[in-house]
Amino acid sequence: MKNRNEFFEYVKENIKDYLPPHLENAQLSIYEWVRENDRKKHVLTIRLSEKDTFPNICLDGFYQCYQDGKELDACVGDVADVYIAYGGMEDAKEPGIIWDYEKVKDRLFIRLCDLQWNQDYLKDKVYTVHGDFAAAYYIAIYEDREKILKVPVTDVLIRTWGIAMEQFRKDAILAERSRQPVLTDLNVLCSEILLGIGKAENLLAEGTVYHSMGIPMLCLTNRRKQFGASLILHNDILRRAGEVFGSNYFVLPSSIHETILVPDIDGSDAQGLCLMVKEINEGKVEACEQLSDKVQYYDRETGVLENALDRECRLPSLEVGSGSEEEDNQDGLPNV
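See the structure below:
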């Protein structure tokens, strides 16, 4: 049985036997890659030129299959299959596409992440800070119903583009809105997905009225249900959710793909909600999809989204109705 490093080297030395002939002279390398939430992964790169940037194939999962008893050469073949499948992604094969801003600006999207959990990952990335969170920016090179092949926007990349940060941020927000934000009753959504009963109505649509089905809870995401947690950065959407509830509310960071909104009613406990999110993260959410365990609180009067525990700690010093009104942010852009 080979150890981890021996397995990686074996893959590197033998994978060309499973790849198309035109990759005979490709350069192969293996390195440790810091992923989101500061997870360290080992990846294989296959490059025909310096402009080739995709894909980075994570090897750790294949090594686990090898440890579980899969034949060594079968694992190498599986790694090759990942690269070959990438070759069928037409949008991703154009050489150097990421270096042309006009070609990628409509493909920008935001992955919200916990600022504290991503100190190493964010070191060379373009991001903006929003309280407990960082908005990291990505390019969607390829998309289908199940996955997104994405590339993070790095400091080097944005300097190469020569685009001002404010314009870049606005372009990213516009691209985000094109993904069609969805605010819907969580109970109805679950019934639709799991049981095929009912139809979840988008409460962001003009003229819709909210009738809660059981405990009032809303799910905020996008139509694709991918990387939708970043929509809490849109002030107009937060205001609309407050209108739907008719009250202030908590934002539960359930995953990178969506957030759950819960109205602030008598007996609401920020500490209890934080503990619940933490337990769900540890037991049911994959590490790569965990957003945070820091519950947020939205105040309709001030238009401020802040850490719910911090707010709860200072409540005794606050007077009811205190807090100045913010100017309406008509374009819905996040404040940074």
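Each residue of the sequence shown is one higher than the one before, starting from 1 at the first, in this note's numbering. Think of the CB as a built atom: it goes at the ideal place given N, C-alpha and C, for glycine as much as any other residue. Note that the structure is predicted; figures quoted are calculated from it, not measured.
Sequence-distant residues of its chain with Cβ nearer than 7 Å to residue i (five each side left out)
i: residue 150; result: 138, 139, 140, 141
i: residue 4; result: 63
Where residue i sits in the DSSP three-state scheme
i: residue 278; result: helix
i: residue 296; result: strand
i: residue 202; result: coil
i: residue 40; result: strand
i: residue 305; result: strand
i: residue 110; result: strand
i: residue 16; result: helix
i: residue 84; result: helix
i: residue 330; result: Low confidence applies here, because residue 330 scores a pLDDT of 39, under 50, leaving its location unreliable and the question unanswered by this model.
i: residue 265; result: coil
i: residue 246; result: coil
i: residue 3; result: coil
i: residue 291; result: coil
i: residue 285; result: coil
i: residue 238; result: helix
i: residue 79; result: helix
i: residue 321; result: Its pLDDT being 42, under 50, residue 321 is placed unreliably in this model, and the coordinates cannot settle the point.
i: residue 67; result: helix
In DSSP terms, what residue i is bridged to
i: residue 29; result: 45
i: residue 260; result: 219, 252
i: residue 34; result: 40
i: residue 56; result: 45
Sequence-distant residues of the same chain with beta carbon closer than 8 Å to residue i, five excluded per side
i: residue 230; result: 109, 110, 111, 112, 135, 176
i: residue 274; result: 293, 294, 295, 308, 309
i: residue 37; result: 113, 114, 117, 118, 121, 287, 288, 290
i: residue 82; result: 55, 57
Cutoff 6 Å; reference residue i; Cβ partners in own chain excluding five residues on either side
i: residue 80; result: 15, 18, 19
i: residue 210; result: 203, 244
i: residue 216; result: 263
i: residue 152; result: 125, 138
i: residue 329; result: Its pLDDT being 41, under 50, residue 329 is placed unreliably by the model, and nothing is read from it.
Option nearest residue i by Cα separation, candidates the options
i: residue 285; options: 166, 257, 133, 128; result: 257
i: residue 6; options: 268, 37, 62; result: 62
i: residue 270; options: 217, 297, 254; result: 297
i: residue 228; options: 216, 178, 276; result: 178
i: residue 68; options: 2, 11, 123; result: 2
i: residue 277; options: 299, 301, 251; result: 251
i: residue 208; options: 185, 105, 127; result: 185
i: residue 339; options: 33, 26, 40, 172; result: Only positions 1 to 336 of the chain appear in the structure, and residue 339 is not among them; the question remains open.
Cβ-heavy atom distance, residue i to the ligand PLP, below 6 Å
i: residue 13; result: Looking at this structure, you won't find the ligand PLP or any other ligand, since it has none at all.
Note down, one range per segment and in chain order, each alpha helix (DSSP H) of at least 4 residues found wholly within the stretch 117-203.
-> 155-161, 165-177, 186-195
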